[in-house]
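Asks: For what it's worth, the UniProt record's numbering labels the leading residue of the sequence shown as 1, then goes sequentially.
Idealized CB from N, CA, C, for every residue including glycine.
Since the model is a prediction, treat every value here as computed from it, not as a measurement.
Provided herewith is a single structure, encoded as structure tokens, for subsequent inquiry.
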Amino acid sequence: MSAEIPTQFTGHAAMEPQDEHKFDLKEHAYTPRKFDDDDIIIKIECCGICGTDIHVITCGWEKHDRFPAIVGHEIVGRVVKAGPRSGHKVGDRVGYGAECGSCRECSNCTQGLENYCLKGNRGTYQGKTNDAVQPFTQGGYADYYQASGHFAVPIPDELESATAAPMLCAGVTVYSPLKRWGAGPGKKVGVVGIGGLGHLGVQFSAALGADTYAISHSDSKKDDVAKLGAVGFIASADQDAALAQHRNTFDILLVTTYQEDLPLVEFYLPLLRIGGNIVIVGLPNSGLPKVPARPLFGKSLSGSLIGSPAEMRDMLKLAVDKGVTTWVETRPMKDANQALDDFAAGKARYRYVLVNED
Ligand SMILES: [Zn+2]
Ligand SMILES: [Zn+2]
């Protein structure tokens with residue numbers, strides 16, 4: 001615990017835009033921004049690999065020049081330095097999701113909706129700082145991480161670091177809309193896409209008490225979804241069969257895929273009952289398809305972005321109470337490139353977590 005904290009942090013950085021078939025991160029040291037009274041520094045135990053990491057370092061969503069870029073925003077570690085206003089103490093095990101700062105003053109922040117800060121939330125990586133030395137934040141594929149303690153959540157003793165880490169982004173991204181739109185007993189929920197997000201979506205929906213269906217293109221995940229707590233499996237490849245059985249019955253459809261040309265009008269909206277809601281949490285590069293008004297009559301189409309620190313705490317408690325756990329494969333942090341190659345090739349079942357080996 002008393003080991004000295006280095007003045008520079010070292011991570012695995014994309015030095016330039018990456019090729020998604022052959023990642024080439026390199027070891028890179030950087031000087032963290034000035035330490036504030038509400039900051040903590042954590043020694044990172046592990047960090048999950050999220051789809052956003054890939055979009056950012058391959059410039060999939062937008063071209064940018066914020067390199068070298070250390071990504072990673074599913075971080076768990078031990079506090080090694082705690083500012084007097086951080087709310088944490090040295091030795092605590094905490095985690096960060098995709099957000100590490102916000103204005104803390106706007107009407108959304110003061111209601112505990114920091115993820116919807118009106119001035120924009122600060123990303124755990126690639127987030128703008130006001131620091132000349134480190135103008136944007138660097139993430140969790142690294143040895144240490146420094147940020148405001150307000151956005152770090154305590155990890156309950158019952159959860160392992162490697163399975164807790166992916167909940168901090170993937171988990172809360174699905175938990176927040178399920179909770180907000182009332183997933184619970186008597187409700188029928190469909191989780192579209194069974195991957196890093198979706199396999200947690202099925203579990204959290206079932207943990208909240210809803211009748212939960214997995215909706216997937218591929219039959220190959222049918223056995224998995226039963227183990228995750230789904231009461232049924234719907235093959236989206238056969239829309240006619242699915243509509244014959246489930247038309248006008250779903251209260252919530254949670255779309256976790258990045259699919260282009262999502263069949264909203266012909267398939268997903270007809271699956272909703274009146275009063276039902278389809279929530280989009282994936283971000284297709286091309287945006288959503290144009291939807292005419294008529295299929296939306298009596299129904300809602302909405303979106304959701306990560307979750308707040310308060311929601312992260314609630315989610316972790318539910319995970320402990322109901323035994324929700326991420327299906328992970330751990331990889332040594334030094335093998336980040338291989339893990340990214342495998343992730344981009346769709347091999348994860350369902351999350352890779354990079355682990356610092358000391
Ligand atoms: Zn993420
Ligand atoms: Zn704000």
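Within the continuous beta strand (DSSP E) that includes THR52, where are the two ends?
Replies: Within the sequence shown, residue 52 is the residue found at index 52, counting from 1. Unbroken run through THR52 is the alpha helix (DSSP H), 51 to 57; no beta strand (DSSP E).
Asks: Name the two residues that bound the continuous alpha helix (DSSP H) containing ALA210.
Replies: Start at 1 with the first residue of the sequence shown, and residue 210 comes out as number 210. Here ALA210 belongs to no alpha helix (DSSP H), and DSSP marks it neither H nor E.
Asks: Quick one: is the Cβ of LEU118 within less than 8 Å of any heavy atom of ligand 2?
Replies: Residue 118 sits at position 118 when you count from the first residue of the sequence shown. Yes, the beta carbon of LEU118 sits closer than 8 Å to at least one heavy atom of ligand 2.
Asks: At which residues does the beta strand (DSSP E) containing PHE136 begin and terminate?
Replies: Here residue 136 corresponds to residue number 136 of the sequence shown, with the count starting at 1. No beta strand (DSSP E) holds PHE136; DSSP gives it neither H nor E.
Asks: Is HIS199 near ligand 1, with its Cβ less than 8 Å from a heavy atom?
Replies: Sequence index remark: in the sequence shown, residue 199 carries index 199 (1-based). HIS199: no, Cβ never under 8 Å from ligand 1.
Asks: GLY307: beta carbon under 8 Å from a heavy atom of ligand 1?
Replies: The residue you call residue 307 lines up with position 307 of the sequence shown. No, the beta carbon of GLY307 sits no closer than 8 Å to any heavy atom of ligand 1.
Asks: Pick out the complete beta strand (DSSP E) segments inside the UniProt domain "Alcohol dehydrogenase-like C-terminal" (196 to 319), 3 residues or longer, and give them in chain order.
Replies: 211 to 216, 232 to 235, 250 to 255, 272 to 280, 300 to 303
Asks: Please determine whether the Cβ atom of THR52 lies at a distance below 8 Å from any heavy atom of ligand 1.
Replies: On the sequence shown, position 52 is the one that residue 52 refers to. For ligand 1, at least one heavy atom lies less than 8 Å from the Cβ of THR52.
Asks: Who are the near neighbours of LEU301 in its chain, counting only those whose CB is closer than 6 Å to its CB and skipping five residues on each side?
Replies: For the purposes of this step, residue 301 is identified with residue 301 of the sequence shown, where counting begins at 1. Once the five neighbours on either side are set aside, the close Cβ partners of LEU301 are ILE278.
Asks: Do the CB positions of LEU269 and VAL291 come within less than 9 Å of each other?
Replies: Residue 269 sits at position 269 when you count from the first residue of the sequence shown. Residue 291 sits at position 291 when you count from the first residue of the sequence shown. By the CB criterion at 9 Å, LEU269 and VAL291 fall inside the cutoff.
Asks: Taking 8 Å as the cut-off, does the stretch 4 to 17 touch the stretch 113 to 126 (at least 3 CB pairs, one atom from each stretch)?
Replies: no
Asks: Going by C-alpha distance, which of ASP24, GLU20, MET312 is nearest CYS169?
Replies: Along the sequence shown, read from residue 1 onward, the residue named residue 169 stands at position 169. Considering only alpha carbons, the answer is MET312.
Asks: Cβ atoms of THR257 and GLY282: under 9 Å apart, would you say?
Replies: For the purposes of this step, residue 282 is identified with residue 282 of the sequence shown, where counting begins at 1. For the purposes of this step, residue 257 is identified with residue 257 of the sequence shown, where counting begins at 1. Yes, these two residues count as a Cβ contact at 9 Å.
Asks: Exposed or buried, what is GLN203 when buried is set at 16 or more other beta-carbons lying within 10 Å of its beta-carbon?
Replies: Position 203 of the sequence shown holds residue 203. Residue environment for GLN203: buried (at least 16 other C-beta atoms within 10 angstroms of its C-beta).
Asks: Pick out the complete beta strand (DSSP E) segments inside the UniProt domain "Alcohol dehydrogenase-like N-terminal" (37 to 157), 3 residues or longer, and give them in chain order.
Replies: Whole beta strand (DSSP E) segments, 3+ residues: 39 to 48, 75 to 82, 93 to 96, 99 to 101, 144 to 148.
Asks: Rounded to a whole number of angstroms, what is the C-alpha to C-alpha distance between GLY346 and LYS63?
Replies: Numbered from 1 along the sequence shown, position 346 holds the residue referred to as residue 346. Numbered from 1 along the sequence shown, position 63 holds the residue referred to as residue 63. GLY346 and LYS63: Cα-Cα distance of roughly 23 Å.
Asks: Quick check on DSSP: helix, strand or coil for ARG349?
Replies: In the sequence shown, counting from the first residue as 1, residue 349 sits at position 349. Note: ARG349 maps to coil in three-state DSSP.
Asks: Looking only at C-alpha atoms, which of LYS322, ASN121, VAL71 sits nearest to residue 384?
Replies: Since the first residue shown for the chain is 1 and the last is 358, residue 384 is missing from the structure and cannot be characterised.
Asks: Can TYR30 and GLY196 be called in contact, C-beta distance under 9 Å?
Replies: By one-based count along the sequence shown, residue 30 stands at place 30. By one-based count along the sequence shown, residue 196 stands at place 196. Not closer than 9 Å, so no.
Asks: Could you check whether the Cβ of HIS73 sits closer than 8 Å to any heavy atom belonging to ligand 1?
Replies: In the sequence shown, residue 73 corresponds to position 73, counting from 1. Result yes, Cβ under 8 Å from ligand 1.
Asks: What's the gap between the Cα of residue 360 and the Cα of HIS246?
Replies: Nothing in the structure corresponds to residue 360, since the chain is present only between 1 and 358.
Asks: Is ARG313 a contact residue of ligand 2, with contact defined as CB to any heavy atom under 8 Å?
Replies: The residue given as residue 313 occupies position 313 in the sequence shown. ARG313 Cβ: outside cutoff for every heavy atom of ligand 2.
Asks: Does ARG180 come out as helix, strand or coil in the three-state DSSP assignment?
Replies: Locating residue 180 in the sequence shown gives position 180, where the first residue counts as 1. ARG180 carries a helical assignment under DSSP once its states are collapsed to helix, strand and coil.
Asks: Counting only the same chain and skipping the five closest in sequence on each side, list residues whose C-beta sits under 6 Å from that of LEU316.
Replies: For the purposes of this step, residue 316 is taken as the residue at position 316 of the sequence shown. These residues qualify, in order along the chain: PRO156.
Asks: What do you get for ASN121, buried or exposed, if any count of 16 or more other CB atoms within 10 angstroms of its CB means buried?
Replies: The sequence position of residue 121 within the sequence shown is 121, counting from 1. Buried is the call here.
Asks: For GLN338, does the count of other Cβ atoms within 10 angstroms reach 16, so buried, or fall short, so exposed?
Replies: As a working mapping, residue 338 is identified with position 338 in the sequence shown. Classification for GLN338: exposed.
Asks: What's the C-alpha gap between THR58 and PRO284?
Replies: One-based indexing of the sequence shown puts residue 58 at position 58. One-based indexing of the sequence shown puts residue 284 at position 284. Distance between the alpha carbons of THR58 and PRO284: 15 Å.
Asks: Assuming ILE234 and GLY193 form a contact by the criterion Cβ under 8 Å, report the distance between their Cβ atoms to the nearest whole angstrom.
Replies: By one-based count along the sequence shown, residue 234 stands at place 234. By one-based count along the sequence shown, residue 193 stands at place 193. Actually they do not touch by this definition, with Cβ atoms about 12 Å apart.
Asks: With 16 as the cutoff for other CB atoms within 10 Å, does THR110 come out buried or exposed?
Replies: Against the sequence shown, residue 110 aligns to sequence position 110. If you draw a 10 Å sphere on the C-beta of THR110, you find fewer than 16 other C-beta atoms in it, and that means exposed.
Asks: For SER286, tell me which candidate among ASN248, LEU264, TRP61 has the shortest Cα-Cα distance.
Replies: Taking the sequence shown and counting its residues from 1, one reaches residue 286 at position 286. The option with the nearest alpha carbon to SER286 is TRP61.
Asks: Skipping 5 residues on each side, what residues in its chain have a beta carbon closer than 6 Å to that of SER102?
Replies: Taking the sequence shown and counting its residues from 1, the one referred to as residue 102 is at position 102. Exclusion of the five residues before and after SER102 leaves CYS109, GLU114, CYS117, ASN121 as the residues of its chain whose Cβ lies within less than 6 Å of its Cβ.
Asks: Cα-Cα, which of TYR175, VAL328, PRO332 is closest to THR163?
Replies: On the sequence shown, residue 163 is found 163 positions in, with the first residue counted as 1. For the residues TYR175, VAL328, PRO332, the minimum Cα distance to THR163 belongs to VAL328.
Asks: Measuring alpha carbon to alpha carbon, tell me which residue in ASP24, GLU4, HIS73, LYS22 is nearest ILE306.
Replies: Sequence index remark: in the sequence shown, residue 306 carries index 306 (1-based). Nearest option by C-alpha distance: HIS73.
Asks: Quick check: is any heavy atom of ligand 1 less than 8 Å from the C-beta of CYS47?
Replies: As a working mapping, residue 47 is identified with position 47 in the sequence shown. No, the Cβ of CYS47 stays beyond 8 Å of every heavy atom of ligand 1.
Asks: Please classify VAL353 as buried or exposed, where buried requires at least 16 other C-beta atoms within 10 Å of its C-beta.
Replies: Numbered from 1 along the sequence shown, position 353 holds the residue referred to as residue 353. So VAL353 ends up on the buried side.
Asks: Tell me whether ARG104 counts as near ligand 2, meaning its Cβ is closer than 8 Å to at least one heavy atom of that ligand.
Replies: Translated into the one-based positions of the sequence shown, residue 104 becomes position 104. True, at least one ligand heavy atom lies under 8 Å from that Cβ.
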